[in-house]
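A.B. asks: So the protein lines, in turn, are chains A and B. Heads up: the first sequence runs through residues 1 to 430, numbered per full-length UniProt numbering. Heads up: the second sequence runs through residues 1 to 430, numbered per full-length UniProt numbering. Beta carbons are placed, not taken as given, at the ideal position from N, Cα and C, and that holds for glycine.
Protein chains: 2
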Amino acid sequence: MNVTNYHTDTANPIIDPLNKGLGAFQQALPATDVKALNWNLLHEDLSLPTAVLYEERMTHNLQWMQQFVTEYGVKLAPHGKTTMAPKLFAHQLAGGAWGITLATAHQTRVAYQHGVRRVIMANQLVGKQNMAIISDLLADLSFDFCCLVDSADGVDQLGAFFKGRNQKLNVLLELGADGGRTGVRNAEQQTAVLDAIARWPDHIVLAGVELYEGVLKEEADIRSFLQHAVACTKQLAKDGRFAERAARQPVILTGAGSAWYDVVADEFVKTDIGLPLDVVLRPGCYLTHDVGIYRAAQAQIQTRNPIARKMRTELLPALQLWAYVQSIPETGKAIIALGKRDAAFDAGLPLPAAHYRPGSIAPTATPAHWQLTGMMDQHAYLQINAGDDIKVGDMIGFDISHPCLTFDKWRHIAVLNPQHEVVDVIQTFF
Amino acid sequence: MNVTNYHTDTANPIIDPLNKGLGAFQQALPATDVKALNWNLLHEDLSLPTAVLYEERMTHNLQWMQQFVTEYGVKLAPHGKTTMAPKLFAHQLAGGAWGITLATAHQTRVAYQHGVRRVIMANQLVGKQNMAIISDLLADLSFDFCCLVDSADGVDQLGAFFKGRNQKLNVLLELGADGGRTGVRNAEQQTAVLDAIARWPDHIVLAGVELYEGVLKEEADIRSFLQHAVACTKQLAKDGRFAERAARQPVILTGAGSAWYDVVADEFVKTDIGLPLDVVLRPGCYLTHDVGIYRAAQAQIQTRNPIARKMRTELLPALQLWAYVQSIPETGKAIIALGKRDAAFDAGLPLPAAHYRPGSIAPTATPAHWQLTGMMDQHAYLQINAGDDIKVGDMIGFDISHPCLTFDKWRHIAVLNPQHEVVDVIQTFF
C-alpha cells in the first residue's frame with residue numbers, strides 16, 4: 001500500500017471518484033486531467049447535487065478586492081477559513097495578497113503545506129498539540145506567522161511551550177468589544193497581557209494589534225472601536241512595546257471581516273506610530289461573494305465608501321449549487337435533492353437562480369416566487385405555483401448565503417467556464 | 001505521482017496528517033498504525049477541536065438495536081447517511097444488519113466500494129450521472145439495490161435509462177403524507193406511478209413499498225400512515241404487482257427514521273401479504289445516539305414500547321466534541337475554540353458534559369449552568385458564573401444533538417477506549 005502523502009501539490013491535487021458532485025471517472029487522477037474529461041454541467045456530466053465555482057467571476061472578485069486595497073494603500077490577508085482551498089489561496093497570493101489569515105493550527109498547517117509562507121492566525125493558539133503544529137512549521141525560518149493573545153494565562157502557556165522549543169512566537173494583542181467575542185476589554189486586562197509578554201522576552205514578541213469589528217453592528221460603534229485600536233497601537237509604540245518587532249519587520253495593525261473592511265481601511269490607513277506599520281485587512285467571503293448576508297453588506301460598502309463607489313463594479317456571486325427536482329408531490333411544492341449536507345442554512349437558505357431542463361438550450365432565470373421554504377439533511381422544499389413549468393429531472397441552480405458553511409460541505413468543487421464546462425477542480429481541507 | 005485510488009480498504013483507511021482533530025504524524029499512514037502512536041485525548045495528543053467516538057458505547061448501541069429488531073423479527077438497514085463511515089457500516093453489517101440505507105447515488109457508490117452489497121436508496125434516483133453511477137454498480141450481479149419512485153415522470157426517466165443499459169432496476173413505491181416530503185399522496189398519483197412501471201416491464205421491477213414516517217409528529221397520525229402502507233402493500237400483492245419480485249426475492253416493506261422505529265416495527269411486523277416479505281427498519285442515529293433530539297425521541301420509545309422496556313438498557317451517547325477554552329474575556333463568558341465548522345447547530349447547540357484541566361487526573365462533569373449560548377464559524381460562547389473554576393487551556397467535552405450534521409464536519413474521527421486512548425480512526429465520505 002502506498003502511503004505517500006499526496007495532498008501537497010497545490011497546483012494539482014489528486015481527486016478521488018468517491019467524492020460527491022463530480023463526473024464519471026474510475027481512478028483517482030490529478031485535477032489537471034479533469035479538463036480532458038470534457039464534463040459539462042448542462043450535459044448532466046456531474047452527479048448532482050454539486051457545488052460549482054465560476055472562474056471568471058472569482059477572478060473578477062479577486063481583482064476587485066486587490067484594486068480596493070491597493071487604492072487604499074493597505075495590505076490584504078484574505079481569511080482562508082472561508083474556502084480552505086489551497087488552490088484559491090495560491091490565486092489570492094498570486095493576485096497580490098500579502099498573506100493568508102487562518103483560524104486554527106490545523107488550517108495553518110494546511111496552508112503551509114501548500115506553499116503559504118505568511119499567516120495571521122486570527123485566533124488564540126491554545127493547547128499542546130496545536131502549539132506543536134505551529135512550532136514545527138516555525139522550524140522553517142521563512143515562515144512568517146503570528147497569532148493573537150488576550151489573556152496572561154494564554155501568554156504564559158505560549159511562553160512556556162516556545163521556551164521549551166527554544167523558539168520565538170510573534171503575537172498580536174487582540175482588542176475586544178464588550179459583549180463581543182475574544183479580545184481584552186479594558187486597560188487592566190491589557191496590562192496583564194503585556195506584563196505576561198514581558199515575562200517571556202526571548203520567546204514571545206509583540207508584533208502588533210488586532211481586532212475583529214464584526215461583533216459590532218453599528219458603524220459608529222465600529223469606528224469608535226477602530227479609533228481605540230489606533231490609539232492603543234500608538235501608545236504601545238510610544239511605550240517601546242514593539243521595539244523588537246520593529247527592528248526586523250513592520251508592526252501589524254489588522255482588522256476586518258467581509259462586512260466592514262472599508263471602514264477598517266478608512267480608520268486604519270492614516271495611522272502613524274512612528275514605526276513601519278502594515279495595515280492588514282482580512283475579508284474572506286469576497287472571493288465567491290454570495291446573494292445573502294454578504295451581498296447586503298457589500299451593497300452598504302458600495303454606497304458609503306468613496307473608493308468602492310469609484311470602482312463602479314461590484315462583487316459577483318461565484319459559487320452556486322445545482323440539484324435536481326426529484327418529486328412534485330403536491331400542487332405548489334417541489335422537492336429538490338439538495339440538503340443541509342450540501343449548503344449553508346444559517347444565514348438564509350439557498351436562493352433559486354437558474355432553471356435548466358436537460359436537453360434545452362440554456363438555463364433560464366427562475367421565477368421570483370420559487371423559493372426554498374425549508375431544508376432537511378438531504379432534501380429541500382421548493383415553493384412553486386400550480387401550472388409552473390417545472391418537472392422531475394429539471395436542474396435548479398441556487399445562489400447561496402454564507403460561503404463559509406457551504407464550502408465546508410464539499411471536498412472537491414468543480415470550476416466552470418461561462419460555457420459550463422469543467423475547467424478545474426479545487427480541493428478543500430476542512 | 002501515484003494516482004492509485006487508495007480509499008477502498010474498509011478495514012484500514014489511509015489517514016492524512018492534514019486532517020483536523022488528529023495527533024502528530026508526518027506522513028499519511030494506515031489507520032491500523034494509529035494505535036501504535038499511543039495518542040491519548042487527556043495527554044493533549046490530539047489537536048483540538050476534535051470529534052471522538054467511544055468504542056464501547058457504539059458497540060453497546062449496535063447490539064441494543066440489533067437485539068431490538070431481532071426480538072421483533074424485523075430487518076435492520078441502518079441509514080448510512082448519518083455517519084457515511086464505511087468502517088461503521090461494516091460493524092453494523094457484521095453485527096447483523098440486513099443492509100445499509102443511503103440517500104444518494106454518491107453515498108451508494110461509497111458504500112459499494114467498501115464492500116456493502118445490499119442497499120436501499122431511500123430516495124428518488126434522478127439525473128443521468130446518478131443513474132449511471134447505479135447502473136455501473138449493478139453490473140455486479142451480487143449487488144442488491146432498490147430506490148424509490150413517486151412519479152410517472154421519474155419512472156419513465158429510469159425506464160428509458162435502464163432500458164438503454166439493458167438492466168433491471170428494483171424500485172419501491174414511496175407513499176407520502178400530505179404536507180410531508182416525497183411520496184405519492186393519493187390513489188391517482190399511485191396509479192400513475194404503477195402505470196408507468198408497467199410501461200417498462202423488462203427494466204423496472206416493483207420490489208415493495210416505502211415510507212418515511214418522520215415527516216409526521218403525532219403517534220396517531222403515524223400509525224394511521226403505517227396502516228395505510230400495510231393496506232396498500234396487501235392490495236398491490238393481491239393485484240399481482242409484486243409477481244416478478246416475489247419470484248426471486250422477498251417483497252420489501254420499509255419505514256422508520258430514528259424517532260419512531262418502534263412504532264413502525266409494531267405496525268409492520270404482522271403484515272401478511274401472502275408472499276415472502278421483509279420488513280426493514282432504517283434508523284441511522286442509534287449508533288452514536290445524542291443527548292438532544294434523539295435522546296428525547298428514545299426516551300419516548302423506552303416508555304411506550306414493550307420490547308424496549310423489557311431490554312432495560314438505553315442507548316448511550318457515543319460521539320463527543322472536545323475543545324479548548326481560549327479566552328475568558330468577561331465575567332460570565334468563556335470563548336471556546338469550537339464552531340459551526342465542527343458541530344451540528346440546527347437541533348440545539350452542543351452540550352458541555354466534561355471538564356478537564358491538562359495534567360489533572362480525570363475529567364469532571366461540567367456544572368449545569370455551563371451552557372453554550374451561541375456559535376460562530378470557529379468559536380462558541382460558554383455561559384459561566386463569576387468565580388467558576390475554569391481557565392484558558394482547559395478542555396471541555398461536549399455531547400451533541402443531531403449526529404448527522406456533526407459527522408459531516410469531520411473527515412477522520414478518532415475512536416477512544418474508556419482510558420481515552422485512540423484505538424482507531426474512522427474515515428467519512430461526505
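With a floor of 4 residues, list each alpha helix (DSSP H) that falls wholly inside the stretch 266-320 of chain B, ordered by position along the chain.
C.D. replies: Entirely contained in the stretch 266-320 of chain B, the alpha helix (DSSP H) runs reaching 4 residues are, in chain order, 293-304, 306-311.
A.B. asks: Would you tell me roughly how many angstroms separate the C-alpha atoms of Tyr-54/A and Val-279/B, rounded to the nearest one?
C.D. replies: The alpha-carbon atoms of Tyr-54/A and Val-279/B are separated by roughly 46 Å.
A.B. asks: Please give the ranges of any beta strand (DSSP E) in the stretch 101-183 of chain B, keeping only runs that are unbroken, at least 3 residues long and fully inside the region.
C.D. replies: Runs found: 118-124, 144-149, 169-175.
A.B. asks: Identify whether Asn-61/A lies in helix, strand or coil by the three-state DSSP scheme.
C.D. replies: Helix at Asn-61/A.
A.B. asks: At a CB-CB cut-off below 8 Å, which residues of chain A make contact with Lys-409/B?
C.D. replies: Near Lys-409/B (Cβ distances below 8 Å), the residues of chain A are Asp-408, Phe-430.
A.B. asks: For Gly-374/B, write down the residues that DSSP places opposite it in a beta bridge.
C.D. replies: Gly-374/B pairs with Tyr-381/B.
A.B. asks: In chain B, which residues lie less than 9 Å from Asn-123/A when you measure between Cβ atoms?
C.D. replies: Here the neighbours are Gln-326, Ala-337, Gln-378, His-379.
A.B. asks: Can you give me the start and stop residues for the alpha helix (DSSP H) that Glu-188/A sits inside?
C.D. replies: Counting along the chain, the alpha helix (DSSP H) containing Glu-188/A begins and ends at 187-198.
A.B. asks: Go ahead and pull the three-state DSSP assignment for Val-425/A.
C.D. replies: DSSP places Val-425/A in strand when its eight states are reduced to three.
A.B. asks: If you draw a straight line from the C-alpha of Ile-426/B to the C-alpha of Pro-13/B, how long is it?
C.D. replies: Rounded to whole angstroms, Ile-426/B to Pro-13/B spans 8 Å at the Cα level.
A.B. asks: Starting from the Cα of Ser-258/B, find the closest Cα among Glu-213/B, Phe-242/B, Arg-223/B and give me that residue.
C.D. replies: Measuring from the Cα of Ser-258/B, the nearest candidate turns out to be Glu-213/B.
A.B. asks: Against chain B, with Cβ distances strictly below 8 Å, would Glu-219/A count as a contact?
C.D. replies: So, not an interface residue.
A.B. asks: Could you confirm whether any beta carbon from chain C is found closer than 8 Å to the beta carbon of Glu-44/B?
C.D. replies: The chain labelled as chain C is not found among the protein chains of the depicted structure, namely A and B.
A.B. asks: Any beta carbon from chain A within less than 8 Å of Ala-196/B's own beta carbon?
C.D. replies: Answer no: the Cβ-Cβ gap between Ala-196/B and chain A never drops below 8 Å.
A.B. asks: With a cut-off of 8 Å, do at least 3 Cβ pairs link the stretch 166-183 of chain A to the stretch 310-324 of chain B?
C.D. replies: Taking 8 Å as the limit for Cβ pairs, the verdict is that the stretch 310-324 of chain B does not touch the stretch 166-183 of chain A.
A.B. asks: Just how far apart, CA to CA, sit Val-3/B and Ala-28/A?
C.D. replies: In this prediction, Val-3/B scores a pLDDT of 32, lower than 50, which makes its location untrustworthy; no coordinate-derived value is stated.
A.B. asks: Suppose you measure from the CA of Pro-350/B to the CA of Leu-416/B; what does that come to, to the nearest Å?
C.D. replies: Those two C-alpha atoms are separated by around 19 Å.
A.B. asks: Put Asn-5/A into one of helix, strand or coil per three-state DSSP.
C.D. replies: Below a pLDDT of 50, predicted positions are generally treated as unreliable, and Asn-5/A, at 39, falls in that range; the measurement from the model is reported next regardless. Coil.
A.B. asks: Name the DSSP bridge partner or partners of Ile-204/B?
C.D. replies: Answer is Leu-169/B, bridged to Ile-204/B.
A.B. asks: Name the residue from Ala-343/B, Ala-243/B, Ala-187/B whose alpha carbon lies nearest to the alpha carbon of Ala-229/B.
C.D. replies: When each option's Cα is compared against that of Ala-229/B, the closest is Ala-187/B.
A.B. asks: Where does Gln-63/B land, buried or exposed, given buried means 16+ other C-beta within 10 angstroms?
C.D. replies: Exposed.
A.B. asks: Could you tell me the alpha carbon to alpha carbon distance between His-203/A and Thr-233/A, rounded to whole angstroms?
C.D. replies: Answer to the nearest angstrom: the Cα atoms are 21 Å apart.
A.B. asks: Starting from the beta carbon of Leu-349/A, find every residue of chain B whose beta carbon is closer than 9 Å, and list them in chain order.
C.D. replies: Simply none; closest approach about 12 Å.
A.B. asks: Less than 8 Å separating the beta-carbons of Lys-20/B and His-79/A?
C.D. replies: No, these two residues do not count as a Cβ contact at 8 Å.
A.B. asks: Using DSSP's beta-bridge definition, name the partner residues of Asn-40/A.
C.D. replies: Its beta-bridge partners are Glu-421/A.
A.B. asks: Could you list which residues in chain B have their beta carbon closer than 8 Å to that of Thr-182/A, in chain order?
C.D. replies: Neighbours of Thr-182/A on chain B, chain order: Gln-326, Ser-327, Pro-329, Ile-335, His-379.
A.B. asks: What does the alpha-carbon distance come out to for the pair Thr-101/B and Val-193/A?
C.D. replies: For Thr-101/B and Val-193/A, the distance between alpha carbons rounds to 54 Å.
A.B. asks: Please tell me whether Thr-288/A has its Cβ less than 8 Å away from any Cβ of chain B.
C.D. replies: It does not: the Cβ of Thr-288/A has no partner Cβ on chain B nearer than 8 Å.
A.B. asks: Spell out whether any CB of chain A is found under 8 Å from the CB atom of Cys-404/B.
C.D. replies: Yes - at least one Cβ of chain A is within 8 Å of the one on Cys-404/B.
A.B. asks: Pull the bridge partners of Pro-30/A from the DSSP assignment, please.
C.D. replies: Paired residue(s): Ile-14/A.
A.B. asks: Drop a sphere of 10 angstroms on the beta-carbon of Ser-142/A, count the other beta-carbons inside from all chains shown, and report buried for 16 or more, exposed for fewer.
C.D. replies: By the neighbour-count rule (16 or more Cβ atoms within 10 Å), Ser-142/A is not buried but exposed.
A.B. asks: Look up Lys-333/B in the DSSP assignment and give the residues it is bridged to.
C.D. replies: According to DSSP, Lys-333/B bridges with Glu-330/B, Gln-383/B.
A.B. asks: Tell me which residues share the same chain as Ile-222/B and place their Cβ nearer than 7 Å to its Cβ, disregarding the 5 neighbours each side in the sequence.
C.D. replies: Excluding sequence neighbours, Ile-222/B sits near Glu-213, Leu-216, Trp-260, Val-263.
A.B. asks: Checking contacts by CB at 8 Å: is Arg-341/A closer than that to chain B?
C.D. replies: Yes, its Cβ sits closer than 8 Å to a Cβ of chain B.
A.B. asks: Is the Cβ of Arg-117/B closer than 8 Å to any Cβ of chain A?
C.D. replies: False, the Cβ-Cβ gap to chain A never drops below 8 Å.
A.B. asks: When Cβ atoms are compared, which residues of the stretch 47-58 of chain B fall closer than 7 Å to chain A?
C.D. replies: Answer set for the stretch 47-58 of chain B: Ser-47, Leu-48.
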